[in-house]
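Report on the following structure.
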Amino acid sequence: MPVSFDDRAKLFHLSTRNTSYVFYVDNSLRLFHLYYGAALRDAFPLTGQQPDFWPASFSPVVNGEELSRSPDYRLQELAGFNQGDFRPAGVVLQTANGAVAADLHYFGHRVIPGKPRLEGLPSAFAAEGEAETVEITLRDKAAAVEVILAYTVFPACDVIVRSARAVNTGSAPVVLERLLSAQLDFDEADFDVVHLQGSWARERHPVRNRQIPGGQQLRSVRGATGHHQNPAVALCRPDTSEEAGDAWGLVLAYSGDYLVDVDTGQYGTTRVSAGINPETFSWTIEPGAAFTAPEVYLTFSACGLGRMSRNFHRFLRSHVISPRWAFKQRPILINNWEATYFDFNAQKIIDIARSGAELGIEMLVLDDGWFGKRDDDRSSLGDWVAYSRKIGDIGDLVRGVNHAGMKFGLWFEPEMVSPDSDLCRAHPDWVLQIPGRGRCLGRNQYVLDFSRDEVVDHVFKMIAKILHSADIVYMKWDFNRNLTEVFSPSLLPARQGKVRHRFVLGVYRLYRMLLAEFPDLLIEGCSGGGGRFDAGILAYSPQIWCSDDTDAMERLAIQTGTSLFYPPSSMGAHVSVCPNHMTGRTVPFATRGYVALAGTFGYELDLTKMSPEDRATAKEQIALYHRWHDLVECGDYYRLLPERLEDVEKARLVAWSFVAPDRRRATVTFVCRSQLVHAPDPKVFLRGLDPERLYKVNYGKFAYELVGGLLMSAGLRVRDCNRDGAAAFITLES
Ligand code: DGJ
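In terms of our numbering, the sequence shown opens at residue 363 and continues consecutively.
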């Protein structure tokens, strides 16, 4: 039973294949956390194992309860506020009398098969028998609010999904000042914190630091996930490595302002909190109404960060990303952005398509510049009608590309509007702006007020019209600036705290409308590269453009970092031209291909200008894609080098591997970023193979037959790869 409840101890035990999550209701009817870690056969004895504590008078107890029971150090499932726990709150309510507090007591629970969907939000799903959910109703009597904590257990993935919902059961409005999705308390405070950090074109580099006294926050107030940090975190023990030691992972499925907080309490506790960022949020719940916080995905691995990542990969592919795409090879695409930027016409696009079709590329994506009067980034966003003077009739262009042997995809930036656009001239009030204040431009554009339904409806109509007008099977959804001057005239002054979350709900609604109208549409997420790479977007976009930095050497850190929480099959990765437009670096064409083959594969260069040698190599890459890429979609991913993930930014050697679920086939990609002169050929220790199985190992001119156990224990010596930028794509078959 994934969810079990012990009536004697009022103890909930959530069990997955390898983990246990335990909490209970105490005599005061509060919900306290007991344990999250390796699977326990019997959780009951935990109740006698709680630490005794002699409280200082500065850690209060409620209503004459036992002195050793201060809420200030006990482990909570979702903490209230202004009731004796001075650590970060999970729920904060303001009632009509102005009081700001929350104190939650257990009222009841129900266990339901499967996984209910969240309304309006990205939501994990489960087929019958794949998951079980327990919903626990807590009550704040004084505020007349119920908070329902939902826990869905996915035993096969070792993942627990949490979310929270607040319902106003009273007769007066209540202001929700914060409702986090989940908190995870530990009675220790000696962890390493692993997370992703970066900027535009340097997204999601992995960082590992010792837990900081006081605390550490990952956050966004950008109205989007942002390039700077990512709404996901791992805690592990200081000696946890890729393949050994305890690691706890948390991924928030949300694409707006978020908070992931690792708080170190004064009594040696740790509280990890995650949810919508309360800094920019407040939500009035009318009597009878409810508010739902987004989902959080939790996993625990006793086998290092590698297993933690694989748990998330399996879970996101099986239960978040649409089954229509999750395990499928996506079309190999050629995107014209780095090939032409804004400087193209129909003939140029057709020429690229023809050239790509000869190589075996399957889809042409027409990027920014096809609409309105857009010849640079200063106009036309919002005017989603073809720029016929530039590209002729869009139907003809799509047919021309199809005729060349390619599918057709198109770029949009739905939430944006240029000051110089018909849309902005017709509806200046649709722009996010604060009356009496200036408006920030970002990339010469404004953000539309997606908190308003009529704005989202209008954008939907325009995009749908274009998509209906021709055979367009893919959409690249870009988002090239963040939100400023967040205010909506459609809401009362006291309701302005809703705008940012409503904006995100508007984005999700547009996604759902488009997918309802065009169920086969493949939508690739994008935000100036990877500025909105999160599990919320993955629920609608099976792939997200990883970064505008397409330099293969830079991508090593970006893609490896992203793999900490997200599956490689969701990372948009393309081969681009050298010297690279971002870094000026030249990397061998073969290496560029091997790095891009670790994500959703494609090209982003002027195919009509490629050398015959590069064309021949591209054909080989495409053949590799067809033969081996199912391992990226369906296999297990192992980070092999560097040994410590956080060293990847500077590591001389980087290697990873994909292993088929039946362990009969595998690939290893080995990249030498910089050579070590006169050093022996480097070795890489493989992982995840069948130790007894004999594998045929092939790369370049090398071929061996080696047993899995040997490849994992003694390692594989990689020949001919000690040159700056050299790489090997090693295949294993048995
Ligand atoms: C940012 C994206 O990341 C690029 O790939 C490209 O689509 C440009 N925007 C177009 O403006």
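Cβ coordinates follow ideal geometry from the N, Cα and C atoms, glycine included.
On a predicted model such as this, the values are computed, not experimentally measured, just so you know.
Assigned with DSSP and collapsed to three states, LEU794 falls in coil, not helix or strand. Where ARG599 is concerned, there is no enclosing beta strand (DSSP E), because DSSP gives it neither an H nor an E.
Assignment of GLU966 by DSSP, reduced to helix, strand and coil, places it in the strand class. Considered as a whole, the segment 781 to 858 harbours 784 to 788 and 815 to 831 as its complete alpha helix (DSSP H) runs of no fewer than 4 residues, in chain order. Nearest to ASP819 by alpha-carbon distance, out of LEU391, ARG843, GLN858 and PRO776, is PRO776. Shown here for THR381: same chain residues with a beta carbon closer than 6 Å to its own, the five before and five after excluded, namely ALA401, ASP520 and PHE662 in chain order. Around the Cβ of THR631, a 10 Å sphere holds 16 or more other Cβ atoms; the residue is buried. Within the segment 546 to 583, no alpha helix (DSSP H) run of at least 4 residues lies entirely inside it.
Non-local C-beta neighbours of VAL760 in its own chain, meaning closer than 7 Å and more than five positions away in sequence, comprise PHE770, ALA832, ASP833 and ILE834, ordered along the chain. Pairwise C-beta distances place the segment 742 to 750 in contact with the segment 775 to 791, as three or more of them are shorter than 8 Å. The DSSP assignment places 914 to 924 as complete runs of the alpha helix (DSSP H) inside the segment 907 to 957, in order along the chain (cut-off: 4 residues).
For THR495, the beta-bridge partners assigned by DSSP are ILE474 and THR514. Taking 4 residues as the minimum length, the alpha helix (DSSP H) runs contained wholly in the segment 653 to 713 are 666 to 681 and 699 to 702, in order along the chain. Around the beta carbon of ALA651, fewer than 16 other beta carbons lie within 10 angstroms, which makes this residue exposed. Closer than 7 Å to some heavy atom of the ligand DGJ: that does not describe the Cβ of CYS665.
Between the alpha carbons of ALA978 and SER909 lies a distance of about 26 Å. Remark: C-beta atoms of LYS477 and VAL523 approach each other more closely than 8 Å. Look at HIS765 here: in three-state DSSP terms it is helix.
Under the 10 Å beta carbon count, MET837 is surrounded by 16 or more other beta carbons and is classified as buried. Around the beta carbon of ASP502, a 10 Å sphere encloses 16 or more other beta carbons of the protein chains shown; the residue is thus reported as buried. Of the heavy atoms belonging to the ligand DGJ, none sits nearer than 7 Å to the Cβ of ASP738. For TRP839, the shortest separation between its Cβ and any heavy atom of the ligand DGJ does not lie below 7 Å. Under the Cβ criterion (8 Å, minimum of three pairs), the segment 653 to 662 does not count as touching the segment 732 to 739. Take the alpha-carbon of ARG679 and the one of ARG686: they are about 11 Å apart. Of the candidates GLU886, GLU508, GLY452 and VAL949, the residue whose Cα lies closest to the Cα of ASP913 is VAL949. Distances taken from the Cβ of CYS888 to the heavy atoms of the ligand DGJ include one shorter than 7 Å.
Per DSSP, the continuous beta strand (DSSP E) segment holding THR626 begins and ends at 620 to 626.
It is roughly 6 Å from the alpha-carbon of GLU494 to the alpha-carbon of PRO364.
When the five nearest sequence neighbours on each side are left out, the beta carbons in the same chain lying within less than 8 Å of the beta carbon of GLN921 are those of CYS908, PRO930, MET933, ALA935, VAL957, ALA960 and GLY961, in order along the chain. In the DSSP assignment, GLN445 falls outside any alpha helix (DSSP H) and carries neither an H nor an E. For LEU373 and PRO649, the gap between their C-alpha atoms comes out near 32 Å. For ASP368, the enclosing beta strand (DSSP E) stretches over residues 365 to 368. Residue nearest to ALA701 within the set GLN709, ILE714 and PRO693 is ILE714 (criterion: CA-CA distance). For ARG740, no alpha helix (DSSP H) encloses it, and the DSSP letter there is neither H nor E.
At the C-beta level, LEU455 and LEU538 come within 8 Å of one another. TRP699 has its CB nearer than 7 Å to a heavy atom of the ligand DGJ.
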